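Asker:
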Amino acid sequence: MIVQFFNRGKGGGSGPIDYLLGKDRDREEARLLRGDPEETAALINSSDYAKKYTACCLSFEESNIPAEQKHALMDSFEECIFAGLDKDQYNCLWVEHRDKGRLELNFVIPNIELLSGKRLQPYYYAADRGRVDAWRTMQNLTHGYSDPDDPAKRQSMTQAKDLPRNTQEAAQSITEHHRRLRSPSPIRQAKKPRRRAGNAGKGRF
1 MIVQFFNRGK
11 GGGSGPIDYL
21 LGKDRDREEA
31 RLLRGDPEET
41 AALINSSDYA
51 KKYTACCLSF
61 EESNIPAEQK
71 HALMDSFEEC
81 IFAGLDKDQY
91 NCLWVEHRDK
101 GRLELNFVIP
111 NIELLSGKRL
121 QPYYYAADRG
131 RVDAWRTMQN
141 LTHGYSDPDD
151 PAKRQSMTQA
161 KDLPRNTQEA
171 AQSITEHHRR
181 LRSPSPIRQA
191 KKPRRRAGNA
201 GKGRF
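For the record, in the sequence shown the residue sitting at position 194 is 194 according to UniProt numbering, with numbers rising by one throughout.
Written as structure tokens, this is what we have:
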């Protein structure tokens, strides 16, 4: 699982809601999980703040997560980013997407504290990134979700996107060559005792 916050939030309420559910609320493979779309849109539209809402996505390689587990994740994530707030102090809309070949739990939060009407900033990168990363790691470990920090998933060489095609291919060839050199021979590998490996656990708005 990865957690991705989007750099959006300055438009009206129809933008994020129409993206999540479709303009006519008929987006394919989209399902409302929690919240009232019209209420969320109205709160966003009522805001006088520059950034009116916060949008984020929990994205999974796993496709079959039980419904009760999804709701437990939503509860836990809300507790993480709304630490110190009660449920009647914020509004949060959750929508599931499956149309990109993976499971996504998307949410939109109007940046308003409901009881006072004051500005609410549920996620500030410099202050909150470590806490959110720790939450993600804990959930991946607890539930055995695919973890982007798993060394097996990391690229052995980071390449700039603007490299010429032939340069990219050359770099990849070198990387594969070094990987083969580091890999033990099949005979030596067979002699080693087996070790049990533990599980380490864009849409646009």
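Glycine included, every Cβ here is placed at the ideal spot set by N, Cα and C.
Everything numeric in this text was worked out from a predicted model, so none of it was measured.
Residues bridged to Trp94 by DSSP?
Answerer: In the sequence shown, residue 94 corresponds to position 94, counting from 1. Note: Trp94 sits in a beta bridge opposite Arg34, Phe107.
Asker: Specify, as a first and last residue, the run of the beta strand (DSSP E) that Gln4 falls within.
Answerer: Taking the sequence shown and counting its residues from 1, the one referred to as residue 4 is at position 4. Taken as a continuous stretch (DSSP letters only), the beta strand (DSSP E) holding Gln4 covers 2–5.
Asker: Going by alpha carbons, who is nearest to Arg121 out of Phe77, Lys51, Leu20?
Answerer: On the sequence shown, residue 121 is found 121 positions in, with the first residue counted as 1. Per the sequence presented here, residue 121 reads as Gln, with Arg not at that position. Considering only alpha carbons, the answer is Lys51.
Asker: In three-state DSSP terms, what is Ser14?
Answerer: As a first step, residue 14 is located in the sequence shown; it is residue number 14 there, counting from the start. DSSP places Ser14 in helix when its eight states are reduced to three.
Asker: If you check the beta carbons only, do Phe107 and Trp94 fall under 8 angstroms apart?
Answerer: As a position in the sequence shown, residue 107 is number 107, starting the count at 1. As a position in the sequence shown, residue 94 is number 94, starting the count at 1. Yes.
Asker: Using the Cα positions of Leu58 and Gly15, report the straight-line distance between them to the nearest angstrom.
Answerer: Taking the sequence shown and counting its residues from 1, the one referred to as residue 58 is at position 58. Taking the sequence shown and counting its residues from 1, the one referred to as residue 15 is at position 15. Going from the Cα of Leu58 to the Cα of Gly15 covers about 19 angstroms.
Asker: What is the DSSP secondary structure of Tyr123, reduced to helix, strand or coil?
Answerer: Here the question's residue 123 lines up with position 123 in the sequence shown. Tyr123 falls in the coil class under three-state DSSP.
Asker: Where does Ile174 sit, in a helix, a strand or coil, going by DSSP?
Answerer: Numbered from its first residue, the sequence shown carries residue 174 at position 174. For Ile174, the predicted model reports a pLDDT of 49, less than 50, meaning its position is unreliable; a value from the coordinates is still stated below. If DSSP states are grouped into helix, strand and coil, Ile174 belongs with the helices.
Asker: Considering Ala83, what are the terminal residues of the alpha helix (DSSP H) in which it resides?
Answerer: Residue mapping note: residue 83 aligns to position 83 of the sequence shown, counting from 1. Careful: Ala83 lies outside any alpha helix (DSSP H) and carries neither H nor E.
Asker: So what does DSSP say about Ser146, is it helix, strand or coil?
Answerer: In the sequence shown, counting from the first residue as 1, residue 146 sits at position 146. DSSP places Ser146 in coil when its eight states are reduced to three.
Asker: Report buried or exposed for Asp133, applying the criterion of at least 16 other Cβ atoms within 10 angstroms of its Cβ.
Answerer: Against the sequence shown, residue 133 aligns to sequence position 133. Looking at its Cβ environment, which holds fewer than 16 other Cβ atoms inside 10 Å, Asp133 is exposed.
Asker: DSSP three-state call for Ala50: helix, strand or coil?
Answerer: As a working note, residue 50 is residue 50 in the sequence shown. In this structure, Ala50 counts as coil in the three-state DSSP scheme.
Asker: Which residues in the same chain as Gly13 place their Cβ atom closer than 6 angstroms to its Cβ, once the five residues preceding and following it in sequence are excluded?
Answerer: As a first step, residue 13 is located in the sequence shown; it is residue number 13 there, counting from the start. Cβ within range, chain order: Ala41, Ile44, Asn45.
Asker: In terms of alpha-carbon separation, which member of Tyr49, Asp99, Leu21 lies closest to Asp36?
Answerer: Mapped onto the sequence shown, residue 36 falls at position 36. Measuring from the Cα of Asp36, the nearest candidate turns out to be Leu21.
Asker: Looking at the structure shown, is Ile112 part of a helix, part of a strand, or coil, going by DSSP?
Answerer: The sequence position of residue 112 within the sequence shown is 112, counting from 1. Strand.
Asker: Output yes or no for whether 8 angstroms exceeds the beta carbon distance between Glu96 and Glu104.
Answerer: Residue 96 sits at position 96 when you count from the first residue of the sequence shown. Residue 104 sits at position 104 when you count from the first residue of the sequence shown. A contact, by the Cβ cut-off of 8 angstroms.
Asker: Quick one: is Ala55 buried, meaning 16 or more other Cβ sit within 10 Å of its Cβ, or exposed?
Answerer: Along the sequence shown, read from residue 1 onward, the residue named residue 55 stands at position 55. Classification of Ala55: buried, given that the 10 Å Cβ count is 16 or more.
Asker: Using a 10 Å radius around the Cβ and a threshold of 16 neighbouring Cβ atoms, would you call Asn111 buried or exposed?
Answerer: Here residue 111 refers to the residue found at position 111 of the sequence shown. Looking at its Cβ environment, which holds 16 or more other Cβ atoms inside 10 Å, Asn111 is buried.
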